[in-house]
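Chemist: First, the structure itself, so that you have it in front of you.
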Amino acid sequence: MVDSFKRLYHCMDQIDNVQSWWQANAQMNSIGMLITHLCGSFRQWMISIMNNEVDARNRLAEFINNKNINKETLVKLVLKLESDYKTAIDNFDTSRFLEQRRIQGYKVTIMSANIRALTHLEGHIGQIVLLTRIQLGDAYKIFWTPKTPEEISARILKR
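Numbering (my numbering), first residue to last: 662 to 820.
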């Protein structure tokens, strides 16, 4: 999970305010939209239910390309989300994982909601990496490359 956020911060370190709200076309999400969406979704599907809080998510507002929100504010939103998630996990009683909840009309256990939220997060972070790479081209700095013989052979064997 920590690596997920690291990859997101890695992208944000490479782009500017304009690039954070760039859209390939009007039907596509920008990095800023994806971040506000992830903050709303992850909070609803994980943090709120783990903390037994009422969620006040406004999903439609997450998809407004709000260029008034600068890159630093987007990063602060993610830092707060990461911090709130760590607190929720640290304080969560794992005996509650099989409790049922209703989220967006779906009846789910807290465990299945967590799995869904984590895979959703990973998918959108992949999109953020792609949008960053599209915009930066050859200037994009790769997050990780294999360096040791073990890392290199592991990548070859997995193919």
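Heads up, the beta-carbon is just placed ideally off N, CA and C, and yes, glycines get one too. Keep in mind it's a predicted model, so treat the numbers as computed, not measured.
1. Compute the Euclidean distance between the alpha carbons of Val715 and Lys732, then round it to the nearest angstrom.
2. Report the rounded CA-to-CA distance for His785 versus Leu759, giving the unit in angstroms.
3. In the DSSP assignment, what are the bridge partners of Lys768?
4. Just the C-alpha distance for Ala717 and Ile803, rounded to the nearest angstrom, thanks.
5. By DSSP, does Arg718 sit in helix, in strand, or in coil?
6. Just to confirm before moving on: does the CB-CB distance between Met691 and His781 stay below 8 Å?
7. For the 8 Å Cβ check, are there 3 or more pairs between the region 677-697 and the region 746-762?
8. To the nearest angstrom, how far is it from the Cα of Asp664 to the Cα of Leu699?
9. According to DSSP, is Pro807 helix, strand or coil?
10. Any idea if Leu721 is buried or exposed, counting beta-carbon neighbours within 10 angstroms, 16 or more meaning buried?
11. I think Met707 touches Tyr746, with their Cβ atoms under 8 Å apart; what is that distance to the nearest whole Å?
12. Just the Cα atoms here: how many angstroms apart are Leu797 and Lys737?
13. Classify Met689 as helix, strand or coil using the three-state DSSP reduction.
14. Measure the beta-carbon distance from Ile730 to Gly693 and round it to whole angstroms, keeping in mind my assumption that it falls under 8 Å.
15. Kindly give me the distance between the Cβ atoms of Met673 and Leu740, rounded to whole angstroms, as I take these residues to be in contact under 8 Å.
16. Quick one: Cα of Gln688 to Cα of Thr770, how far?
Modeler: In short:
1. Going from the Cα of Val715 to the Cα of Lys732 covers about 28 Å.
2. C-alpha of His785 to C-alpha of Leu759: approximately 26 Å in a straight line.
3. For Lys768, the beta-bridge partners assigned by DSSP are Arg763.
4. Here the alpha carbons of Ile803 and Ala717 stand approximately 37 Å from one another.
5. Under the three-state reduction of DSSP, Arg718 is assigned to coil, being neither helix nor strand.
6. Before going further, note that residue 691 is Ser rather than Met in the sequence given. For Ser691 and His781, no; Cβs fall outside 8 Å.
7. Cβ pair count under 8 Å is below three, so no.
8. Going from the Cα of Asp664 to the Cα of Leu699 covers about 16 Å.
9. DSSP places Pro807 outside both helix and strand once states are collapsed to three, so it counts as coil.
10. With fewer than 16 other CB atoms across the displayed protein chains lying within 10 angstroms of its CB, Leu721 is exposed.
11. Confirmed, about 6 Å.
12. If you take the alpha carbons of Leu797 and Lys737, they lie about 23 Å apart.
13. Reduced to three states, the DSSP call for Met689 is coil.
14. So it is a contact: roughly 6 Å between Cβ atoms.
15. Between Leu740 and Met673 the Cβ distance is about 10 Å, and since that is not below 8 Å, they are no contact.
16. The straight-line gap from Cα to Cα measures roughly 33 Å.
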